[in-house]
Amino acid sequence: METINNAVASIEGVNKYDSKEYILYETPFTEIKTLIEICPIKAAEAERLRKLKTSSDTDDNIKALTDGEEFKELDKLEEFEEPEELEEFEKSEELEEFEKSEELEESEELEEQKHEEQKHEVVRILDVKSKAKFSVDELIKRSNDLLISDVDYFILLFSSKLFNVVKSFKNETRSIIQGDVNEKVPDTLEAMIAIVEKALSKRSSRFMLGFLGQQISFSIDRTLYLTAHHNASDLSLLTDFNSFKDKLDMVQKSFVTRGRPLIGFKEA
Amino acid sequence: MNVEELVLELRERLHPSIKKALSTRGVKIFLNLYVGYDAEFDRVLGKFNTNEILSSQLAGNTAVYFKIPRKYEYEIEYINPASSKSSRIYTNGNRKNDLKDKIERSINALLNRRDALTREKY
Numbered sequence: 012m013e014t015i016n017n018a019v020a021s022i023e024g025v026n027k028y029d030s031k032e033y034i035l036y037e038t039p040f041t042e043i044k045t046l047i048e049i050c051p052i053k054a055a056e057a058e059r060l061r062k063l064k065t066s067s068d069t070d071d072n073i074k075a076l077t078d079g080e081e082f083k084e085l086d087k088l089e090e091f092e093e094p095e096e097l098e099e100f101e102k103s104e105e106l107e108e109f110e111k112s113e114e115l116e117e118s119e120e121l122e123e124q125k126h127e128e129q130k131h132e133v134v135r136i137l138d139v140k141s142k143a144k145f146s147v148d149e150l151i152k153r154s155n156d157l158l159i160s161d162v163d164y165f166i167l168l169f170s171s172k173l174f175n176v177v178k179s180f181k182n183e184t185r186s187i188i189q190g191d192v193n194e195k196v197p198d199t200l201e202a203m204i205a206i207v208e209k210a211l212s213k214r215s216s217r218f219m220l221g222f223l224g225q226q227i228s229f230s231i232d233r234t235l236y237l238t239a240h241h242n243a244s245d246l247s248l249l250t251d252f253n254s255f256k257d258k259l260d261m262v263q264k265s266f267v268t269r270g271r272p273l274i275g276f277k278e279a
Numbered sequence: 003m004n005v006e007e008l009v010l011e012l013r014e015r016l017h018p019s020i021k022k023a024l025s026t027r028g029v030k031i032f033l034n035l036y037v038g039y040d041a042e043f044d045r046v047l048g049k050f051n052t053n054e055i056l057s058s059q060l061a062g063n064t065a066v067y068f069k070i071p072r073k074y075e076y077e078i079e080y081i082n083p084a085s086s087k088s089s090r091i092y093t094n095g096n097r098k099n100d101l102k103d104k105i106e107r108s109i110n111a112l113l114n115r116r117d118a119l120t121r122e123k124y
C-alpha cells in the first residue's frame, strides 16, 4: 500500500487529506470545456416573431417581416460562394515588407489564440429538422464526449502509475522466488491500460491485481453529475421526457435524482 | 454445515467494530465528471403549446479522488446500523476503562498477527 500511496502522491498538484482509516487524494479540477449548439434558422424565426410581437410599427413593416425575406436569405446561405479576390493595389517594396512582418506576428498570435480557444470551446450547429430535438441518452452521450479527453488522460496516468508499482513488485518477487509470478499481473503497459479501460466502461467496477497468492482490489466508480439551473424548462425540451419524468424527484421546483441514478451508465 | 457457513455464522455474531476491522479494504477511485447544461427555447403556439430548442450549452470538468486504506489501531466503537458511521465510546476513568484497554490490546495483537500472516509482503 505504501508504494501505491507514494505513486498517487507523486501526481502533480494533488491534495492530501488524512483520516484515521483512509488517506484521500484529490486531483485538481481540469480545464472547463464547453460545447455550444445553435439552431440558426429557429433562432432567426424566434427573433422575427419577437419583433412582430413587440413592434408597434406601421403595417408595411409588419408585412415585410411576415413575408419571410430573412428566411430566403438564410436558405441562400447553403449555396453561399466565396467572393472573388479583390484586385491588388500597387505598393512600394518597403511598405510590403513592413506589412508582411506585421502580418506574420499577428498570424502567430492569432494561431495561438485560436489554439487556446479550440481547447476550451466547441461550437456546433444543430441541423434544423433531425437534431434540433434530442433525448436524455444523447444529452448524456454529448456530455461524456465533451469530457472524453479527460477520461483518456486519467486512464493513461493511472495505468502508467499502477504499472510502475506492479513492475517494482514483480522485480522483488522474482528476486525472492525465481520466475514465480501470478498470471493476473499484466506484463505490458498496454495490457494495464486495457484493464483500466474495461473497468471504466461500467458505472462501477472492481478489478484485482495479485501475485504470490495475495491480492489488492481496486474499485473504480465513474459518475456523471448533470446539473442545470431551473431545469424544469430545460428537461421538458427533451424528446423522451415523458418516459423518464416519473423517475425524478422535485426539490425546490427543480428536478433531481435522489439515490438512484437516472440512467445506468452505458458506454463512453 | 460447511466451513464457509460456519465462518459466516461466526462473523454475524461478532461486534460490528471487529467485523469492520476484519474486512479487507482495497483502493477506491472515484472519477467524477461534472457537467452543467442550459438551453434556450421558444414557445410555439398551436394545438399544444410546446417549446422548441434554439440553442444549448454544455460545460464540464473532471476531478479524480483516490482513497487509500491505512493501517490503524483497533478501538471499540459504536457503529450506526443505518449510516454505518462510527463514533467513539468514552469511559469515565473507572475500572471499566482498564477492561476496555485490555480488550482493545488483545484484539489488536490478534489483528496484527493476522496481518503478518496474510498481508506482510505488501
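Chain order of the listed sequences is A and B.
When you line the first sequence up against the working numbering, it's residues 12 to 279, in that order.
When you line the second sequence up against the working numbering, it's residues 3 to 124, in that order.
Note that the Cβ used here is the ideal one computed from N, Cα and C, for glycine as well.
These numbers were taken from a predicted model, which means no experiment stands behind them.
Where residue i sits in the DSSP three-state scheme
i         : result
Phe145(A) : coil
Tyr1(B)   : Here chain B comprises residues numbered 3 to 124, so residue 1(B) is not present and cannot be evaluated.
Val176(A) : helix
Leu46(A)  : strand
Ala20(A)  : helix
Phe50(B)  : coil
Asn82(B)  : coil
Phe82(A)  : Bear in mind that the predicted position of Phe82(A) carries a pLDDT of just 49, short of 50, making it unreliable; the figure below should be weighed with that in mind. DSSP places Phe82(A) in helix when its eight states are reduced to three.
Arg7(A)   : Absent from the structure is residue 7(A), since the part of chain A shown begins at 12 and ends at 279.
Leu56(B)  : strand
Asp251(A) : coil
Arg72(B)  : coil
Leu158(A) : coil
Residue range of the unbroken alpha helix (DSSP H) whose run includes residue i
i         : result
Lys22(B)  : 18 to 24
Met203(A) : 200 to 211
Val5(B)   : 5 to 15
Beta-carbon spacing of residue i, residue j below 9 Å
i         : j         : result
Ile231(A) : Met12(A)  : no
Leu35(B)  : Leu259(A) : no
Cys50(A)  : Leu47(B)  : no
Glu54(B)  : Leu235(A) : no
Ser58(B)  : Ile47(A)  : yes
Lys87(B)  : Leu35(A)  : no
Asn110(B) : Tyr76(B)  : yes
Ile151(A) : Val207(A) : no
Phe229(A) : Ile31(B)  : yes
Ser146(A) : Thr250(A) : yes
C-beta neighbour in chain A for residue i, strict 9 Å
i         : result
Ser19(B)  : no
Ala65(B)  : yes
Tyr80(B)  : no
Tyr92(B)  : no
Ile109(B) : no
Gly48(B)  : no
Leu56(B)  : yes
Ile105(B) : no
Leu113(B) : no
Asn4(B)   : no
Asp117(B) : no
Asn51(B)  : no
Gly38(B)  : yes
Limits of the unbroken beta strand (DSSP E) element including residue i
i         : result
Met12(A)  : No beta strand (DSSP E) contains Met12(A), which DSSP labels as neither H nor E.
Ala239(A) : Run containing Ala239(A): none; DSSP gives neither H nor E here.
Phe266(A) : 265 to 267
Ser88(B)  : 88 to 90
Asp29(A)  : 26 to 29
Tyr36(A)  : 33 to 37
Asp260(A) : 260 to 262
CB-CB length for residue i against residue j, believed under 8 Å
i         : j         : result
Phe252(A) : Leu273(A) : About 12 Å separates the two Cβ atoms, so there is no contact after all.
Tyr39(B)  : Asp245(A) : 6 Å
Thr64(B)  : Leu113(B) : Between Leu113(B) and Thr64(B) the Cβ distance is about 37 Å, and since that is not below 8 Å, they are no contact.
Ile15(A)  : Val29(B)  : 6 Å
Ser154(A) : Leu60(B)  : 6 Å
Beta carbon proximity, residue i to chain B, threshold 9 Å
i         : result
Asp260(A) : no
Glu108(A) : no
Val177(A) : no
Ala239(A) : yes
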